[in-house]
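First to last, the sequence lines map onto chains A and B. Per the numbering used here, the first sequence runs over residues 3 to 635. Per the numbering used here, the second sequence runs over residues 74 to 549. Just so it is clear, CB atoms sit at the ideal spot from N, CA and C, and this is done for glycine as well. All remarks here apply to the structure that follows.
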Amino acid sequence: MEYTILIVLLPMLTFIVLGLLGMKLKACTSGLIGTLSMAVTTVISYATAWIYFTGARVDGVYQKWVPFNIEWLRFTDTLHIDLGVLLDPISAMMLIVITTVSLMVHIYSLGYMKGERGFERYYAFLSLFSCSMLGLVLATNIFQMYIFWELVGVSSYLLIGFYYTKPEAIAASKKAFIVTRFADLGFLIGILLLSFFTQTFDFGVLTSGDRSIFTQAAGTTFMGCSVLAWATALIFVGGAGKSAMFPLHIWLPDAMEGPTPVSALIHAATMVVAGVYLVARLFPVYYFETPEVLHGVAYLGAFTSLFAAVIACVQTDIKRVLAFSTISQIGFMMVALGVSGYGGHNGTGYMAGMFHLFTHAMFKALLFLGAGAIIHAVHSNEMSHMGGLRKQLPITHITFLIACLAIAGIPPFSGFFSKDEILAATFSFAPAMGWIMSFIAGLTAFYMFRLYYNIFWGTPAEHEHEPHEAPASMTTPLIILAAVTCVAGFIPFGKFVSSDGADYIIHLEASVAITSVVIALIGIAVATVFYRKKSSIPDRLEQTFNGLHNAAKHRFYIDEVYLFITKRIIFNGISRSIAWFDRHVIDGAMNGLAFVTNKMSFAIRGLQSGQIQQYLLVFLAGLLLITLLVLVC
Amino acid sequence: MNAMDYSNFLVMKEELSLVAVMVILLLYDVFGSKKSLRYFQPVACILFAVHTLLHVVPSVANESFGGMYQYTPMIGVLKTILNIGTLIVLMQASEWLRSESTIHKRGEFVFLLLTTLLGMYFMVSAGNFMFFYIGLETASIPLATLVAFDKFKSKSAEAGAKYILNAVFASGLSLYGLSLIYGTTGTLYFEDIPAAITGAPLQILAFVFFVVGLFFKMSLVPFHQWTPDVYEGAPTAVTSYLSVISKGAAAFVLMTILIKVFSPIAAQWQGILYGVIIVTITLANLFAIRQKNLKRFLAYSSISQAGYIVLGIIGGSAMGMASLVYYILVYMVSNLAAFGVIAAIENKTGKVSMDDYNGLYSTNPRLALVMTLAMFSLAGIPPFAGFFSKFFIFAAAAEQGYYILVLIALINTIISLYYYLLVVKAMFINKSDAPIAAFRCDGAMRFSLSLCSAGIVLLGLLSVIYNQLSLLGYGM
């Protein structure tokens with residue numbers, strides 16, 4: 003099984019090859035190289051997942067496999083940073099998710115990015131991203147995860163800023179990088195705290211169920227909370243940054259400035275769920291050691307989910323709608339993990355969260371790729387430039403509709419099954435929360451169909467060119483993903499992924515299922531009334547709830563709050579004074595040092611005369627001086 | 074000792090195989106036809122590479138000639154490092170050796186170079202002061218002729234004279250020290266001496282006399298003054314050899330002798346090293362700032378680097394040993410990269426002044442990049458190897474409690490950053506009306522430069538290397 007390391011190495015090699023030779027290759031060659039290498043990676047990943055899921059059970063429980071591991075840096079006998087491959091149900095599942103979506107995006111981009119400047123650069127970055135994301139999920143220890151975590155951030159930065167001549171893209175890439183990097187600081191401190199007290203980075207040890215390693219951290223308190231709680235909360239901050247949880251979500255909508263396939267891969271299916279994956283990876287630690295932090299995750303997830311769903315209802319840029327919908331759905335996953343118990347039927351939430359991660363990745367990638375096809379056809383992101391496109395873009399239309407039904411939670415599409423499990427888990431945790439999440443599910447159905455009707459129905463907009471269906475390289479991934487969305491719900495997911503590795507039998511609870519479907523249908527119905535044909539209801543509602551509408555439209559002014567804090571308070575109040583200190587005190591001292599050094603080097607230059615007798619004299623004098631000093635002292 | 078047992082020689086595998094290489098090359102040079110001699114340099118490189126590869130895996134510890142000759146895995150690793158360095162020097166010298174004034178004596182060059190290497194083998198493997206001294210001299214005398222290799226250039230001849238006079242002086246003092254050690258302890262074997270060392274003033278005197286000989290080899294202040302003149306005058310290939318191979322071997326020997334033989338007076342020699350390190354690093358830095366000639370500049374840089382190397386010795390720990398060998402390795406690739414670029418440019422244009430390098434990036438971007446890598450690594454900028462080697466050597470010294478010393482060394486690192494970056498600035502930022510024209514160096518040089526660049530980038534990141542060394546460090 004050592005070959006599993008190829009899953010990470012192959013994309014990295016592709017990145018190096020394309021990065022170094024890209025300029026010399028023809029554009030289409032580099033695209034093909036990237037796609038082929040991704041295809042091979044996908045095959046290896048599928049084989050790995052297959053071998054794992056068929057062979058890793060001992061007494062009905064999945065074991066952790068570490069087929070490859072090398073020690074990289076050793077601090078103490080137990081504390082060392084390794085680089086390796088860890089296979090367990092969630093990492094095997096993530097392999098499938100990442101490689102599938104990544105391969106689809108690679109193929110899709112052959113058509114979408116055709117003729118763009120920097121085509122080979124694009125494929126090099128895609129490979130870098132795939133490499134780092136796969137390395138992240140396969141990490142055997144939290145430090146390796148952190149390394150790839152940062153690499154993922156870098157490649158996301160590079161891809162968001164791909165159109166580096168556009169000022170918005172540059173600003174968006176910087177924003178994404180700074181916000182997530184800021185969150186990663188919390189992650190790093192959390193890692194250091196955790197590893198300092200537990201003396202290990204290894205996931206296997208941390209989640210082994212041996213609670214004794216945590217006693218020291220749990221016993222030490224800092225500002226009223228145990229250090230362990232601080233550590234897990236700070237680690238979650240890192241996850242919240244990548245997964246765009248409130249209030250660190252501000253980068254994700256702006257990240258839509260990147261090419262659309264990139265949004266599908268990074269900002270819908272893979273990177274943004276890294277935070278969810280992180281919590282799932284450390285789930286036993288959260289659940290057994292710091293349940294209060296885990297509950298905090300649930301509440302934050304629920305709030306973020308509601309918050310984003312409300313905003314999504316009034317956005318007009320189709321990619322932003324999808325971005326807020328992503329934030330909202332990740333909130334669902336966080337809630338699922340947060341309310342979950344451990345083992346047997348208590349672990350519904352865990353299973354449901356992972357299931358939703360899986361199904362969401364597929365249908366959200368489909369939505370983004372569909373949006374890409376639409377943008378490709380009408381050359382605009384604004385809903386007002388669309389309308390009535392169902393005739394011109396038939397394949398896009400059908401696949402988009404399937405994805406909308408899936409995310410709205412209509413059976414038999416995949417989203418229904420996973421969302422239903424989440425709602426069931428939430429209801430059993432706290433009924434009030436269950437109702438809130440059901441309401442959000444209704445909102446989801448509403449804003450998705452608002453999007454759908456505005457694009458494909460309603461009044462057609464004026465176009466310079468008649469919109470036409472995308473080429474086969476773009477529609478094929480759409481069809482494949484749509485097919486997956488149709489059938490993924492029937493995967494017996496509990497057989498593969500569950501909180502304790504044992505079998506979990508999914509059975510639908512009729513009451514929850516019926517409620518959620520009814521709510522979803524209400525959402526769709528409202529959207530149909532409002533947006534199927536031109537109607538005055540939305541405008542009138544807008545008038546009535548003017549304040550709320552405006553606030554939601556401006557994303558509740560969170561960005562402005564950030565700007566106020568950074569520009570007004572930090573820049574003016576803190577940075578100015580530090581800058582003064584730096585310029586006058588620190589630089590002054592440094593300049594003084596340089597001045598003295600310079601003077602001294604000028605003063606001693608006479609010592610080097612070039613005369614050998616003088617050299618020997620110095621030699622001898624040095625020798626005698628040393629002898630004297632040693633003998634005297 | 075009993076009648077001579079020839080199996081003793083079999084322990085000295087590496088020395089024997091080096092002698093074999095030398096003999097083959099000598100015969101080839103003497104008897105080869107003019108036509109076949111065209112392949113002399115590639116053959117020399119390949120033969121030597123084979124020799125290097127044969128011994129790349131260190132074997133088990135051993136000794137022969139009643140302990141006169143010692144072998145440990147760490148010594149094996151060091152010899153491999155010296156081999157790699159010598160191989161790179163051979164490759165970098167190839168273009169220069171083919172020039173009109175030297176082509177007829179290239180055989181001499183290779184033979185002399187390998188003879189000094191043989192001397193260094195003896196030196197690092199010595200278990201007895203007599204043996205050590207023979208090694209030292211075997212390494213020194215051919216070096217003097219190599220320094221004066223361009224004998225019709227007055228600077229080279231002058232450098233040769235300066236080197237031999239200084240070397241003889243240092244070696245005489247050393248020998249005097251050794252005779253005093255023999256007089257007071259009654260033995261020359263490393264193993265037996267510690268028991269007889271009492272710390273009497275005469276022994277201290279003897280020790281100081283002896284040790285300055287090695288300080289001279291490593292060009293530590295105040296025994297360094299020959300260095301800039303010799304480095305400037307000698308052919309660049311010889312300068313690079315002097316600055317890394319000769320210095321590396323001396324540093325290693327200094328450490329083994331201090332720890333093995335003079336451990337009873339550790340307090341005294343630690344005091345000496347303490348002072349010498351501070352003076353060396355600081356003074357060399359101050360001089361380096363003002364240099365305009367790149368070879369002189371690198372001479373001072375190498376003096377201050379030697380000061381850092383001694384930091385690894387002062388702790389006298391296993392970690393110090395490992396970080397010292399690692400430092401030598403990293404310093405070797407970095408310095409050889411810098412000298413390689415200088416040699417390439419000097420061969421083509423004869424220019425060695427820093428001002429001549431203005432605008433090099435626009436005409437020869439690859440050479441400028443290699444030089445930048447080398448400067449970054451020498452200055453210790455992460456993530457290049459030089460950062461890690463400095464880090465480990467500082468850690469080794471700090472572990473033994475030399476915090477102030479490490480602080481002083483750190484401040485000096487900042488000063489050194491200034492002059493290393495001056496070179497980078499010249500190449501990238503400074504404009505020049507007549508920059509060095511674009512050219513292509515020969516294959517061997519390109520290969521050696523890629524090897525060095527790869528070393529600079531990878532040696533730090535591949536922690537395996539340091540981990541392996543630190544395992545060997547405990548065996549010393």
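CA-to-CA distance, residue j to residue i, given in whole angstroms
| i | j | result |
| --- | --- | --- |
| A/M385 | A/L453 | 8 Å |
| B/M74 | B/Y399 | In this prediction, B/M74 scores a pLDDT of 47, lower than 50, which makes its location untrustworthy; the coordinate-derived value is nonetheless stated afterwards. For B/M74 and B/Y399, the distance between alpha carbons rounds to 38 Å. |
| A/A516 | A/I424 | Ala is not the amino acid found at residue 516 of chain A; the sequence shown has Ile there. So the two alpha carbons sit approximately 14 Å from each other. |
| B/V500 | A/A472 | The identity of residue 500 of chain B in the sequence shown is Met, whereas the question assumes Val. If I take the Cα positions, the gap works out to 50 Å. |
| A/I560 | A/P414 | 37 Å |
| B/V383 | B/V303 | 22 Å |
| A/D212 | A/G303 | 29 Å |
| A/D584 | A/F597 | 18 Å |
| B/T445 | B/F412 | 12 Å |
| A/S383 | A/I320 | Reading off the sequence shown, one finds Asn at residue 383 of chain A, where the question assumed Ser. For A/N383 and A/I320, the distance between alpha carbons rounds to 6 Å. |
| A/G355 | A/H551 | 31 Å |
| A/T599 | B/L483 | 15 Å |
| A/G525 | A/L445 | 6 Å |
Among the options, nearest to residue i - alpha-carbon criterion
| i | options | result |
| --- | --- | --- |
| A/T398 | A/A408, A/G374, A/F419 and A/L407 | A/G374 |
| B/A395 | B/V129, B/S523, B/I466 and B/S374 | B/I466 |
| A/A522 | A/L190, A/A581, A/L480 and A/A447 | A/A447 |
| B/A212 | B/Y142, B/P308, B/M193 and B/Y347 | B/M193 |
| B/I266 | B/S375, B/I254, B/P274 and B/R513 | B/I254 |
is_contact[residue i, chain A] using C-beta, thresh 7 Å
| i | result |
| --- | --- |
| B/W169 | no |
| B/V162 | no |
| B/P215 | no |
| B/A357 | no |
| B/V281 | yes |
| B/I456 | Checking the sequence, you will find Pro at residue 456 of chain B rather than Ile. It does not: the Cβ of B/P456 has no partner Cβ on chain A nearer than 7 Å. |
| B/V183 | no |
| B/M74 | Residue placement at B/M74 cannot be trusted, given a pLDDT of 47 that sits under 50; what the coordinates show is reported in the next sentence. No, because no Cβ of chain A sits closer than 7 Å to the Cβ of B/M74. |
| B/I362 | yes |
| B/P337 | no |
| B/F467 | no |
| B/V383 | no |
| B/V285 | yes |
Cutoff 7 Å: residue i Cβ touching any chain B Cβ
| i | result |
| --- | --- |
| A/V632 | yes |
| A/L625 | yes |
| A/I576 | no |
| A/T6 | no |
| A/I18 | no |
| A/M602 | yes |
7 Å Cβ cut-off: residues of chain B touching residue i
| i | result |
| --- | --- |
| A/V620 | P295 and Q298 |
| A/Y617 | N239, Q298 and W299 |
| A/I628 | V281 and I345 |
Counted within 10 angstroms of its Cβ, other Cβ atoms place residue i as buried (16 or more) or exposed
| i | result |
| --- | --- |
| B/T145 | buried |
| A/E2 | Residue 2 of chain A lies beyond the stretch modelled for chain A, which goes from 3 to 635, so this question has no answer here. |
| A/T56 | exposed |
| A/L1 | The structure shown does not extend to residue 1 of chain A, since chain A is modelled only from 3 through 635, so no value can be given for it. |
Interface residues of chain A facing residue i [CB-CB closer than 7 Å]
| i | result |
| --- | --- |
| B/K235 | I614 |
| B/Q341 | V632 |
Within chain A, the residues that residue i reaches when beta carbons sit closer than 8 Å
| i | result |
| --- | --- |
| B/D302 | G612 |
| B/I277 | T629, V632 and L633 |
| B/P274 | L633 |
Proximal chain B residues relative to residue i, where beta-carbon distance stays under 9 Å
| i | result |
| --- | --- |
| A/T599 | N358, L359, I362, I488 and Y491 |
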